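J.:
In the numbering used here, the protein residues as written are 4 to 80.
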C-alpha cells in the first residue's frame, strides 16, 4: 500500500498502529470478521473468524487518524 495523503489537509501520513493492552503485555489491534458475539469465558467469541492486523496512519500536520485492515500475510503462504 502506498503512503496515503490526509483527506482533511492533504499532508502525508505516517504508518503506525493502535496499541491494545492485554493481560501482561501489549498487542496490535485486529479487525475481526462478522458482528461481535459474546463469550462467557473470553469476553468475545473469535474462534474460526477471519482476522487482519489494523494499520493506522496519522497526519503529521493535523493529527487525523485513518485505519486499514491489512491483508493477513500468513494466509498467503
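Backbone N, C-alpha and C fix where the C-beta goes; we use that ideal spot for every residue, glycine too.
Quick caveat: nothing in here was measured; it's all calculated off a predicted structure.
1) Nearest-angstrom Cα distance between residue 52 and residue 34?
2) DSSP three-state label for residue 74, please.
3) Thinking C-alpha only, which one of 13, 8, 32 is nearest residue 22?
4) Quick one: using the 10 Å Cβ neighbour count with 16 as the cut-off for buried, is residue 29 buried or exposed?
5) Among 17, 50, 45, 36, which has the Cα closest to the Cα of residue 26?
6) Would you check whether the ligand FMN has a heavy atom nearer than 7 Å to the C-beta of residue 74?
7) Below 8 Å on the Cβ atoms is my guess for residue 20 versus residue 58; work out the distance and round it to an integer in Å.
T.: This is what the structure holds:
1) Here residue 52 refers to the residue found at position 49 when the chain shown is read from its first residue. Here residue 34 refers to the residue found at position 31 when the chain shown is read from its first residue. Rounded to the nearest angstrom, the two C-alpha atoms are 10 Å apart.
2) The count along the chain shown starts at 1 and reaches residue 74 at position 71. Of the three classes helix, strand and coil, the one that applies to residue 74 here is coil, per DSSP.
3) One-based indexing of the chain shown puts residue 22 at position 19. Taking only the C-alpha atoms, the option nearest residue 22 is 32.
4) As a first step, residue 29 is located in the chain shown; it is residue number 26 there, counting from the start. With fewer than 16 Cβ atoms within 10 Å of its Cβ, residue 29 is classed as exposed.
5) The residue you call residue 26 lines up with position 23 of the chain shown. Of 17, 50, 45, 36, the residue nearest in Cα terms is 45.
6) The model depicted lacks the ligand FMN and carries no ligand whatsoever.
7) Here residue 20 refers to the residue found at position 17 of the chain shown. Here residue 58 refers to the residue found at position 55 of the chain shown. Between residue 58 and residue 20 the Cβ distance is about 6 Å, and since that is below 8 Å, they are a contact.
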